[in-house]
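Here's the structure we're looking at; comments come further down.
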């Protein structure tokens, strides 16, 4: 895969990401665009709480 230095690095990333990727991919065909935006806002807020990203200062 492009962007990874080795197959092992890609595999480690993919195995870790596979557990959280459904969190960011709701079944969009079952909802309207406004429902999708609202759902993604909730999901990203939850992710920020879990990772503590909201409390970190941003770097410009």
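In my numbering, the protein residues as written are 67 to 126. Ideal placement from N, C-alpha and C gives every residue a C-beta, glycine not left out.
C-beta atoms of residue i and residue j nearer than 8 Å
i, j, result
"residue 70", "residue 83", "no"
Cα-Cα separation, residue i to residue j
i, j, result
"residue 92", "residue 114", "17 Å"
"residue 100", "residue 81", "31 Å"
"residue 107", "residue 77", "29 Å"
Anticipated Cβ contact below 8 Å, residue i with residue j, distance rounded
i, j, result
"residue 103", "residue 90", "Contact doesn't hold; Cβ gap of about 13 Å is too wide."
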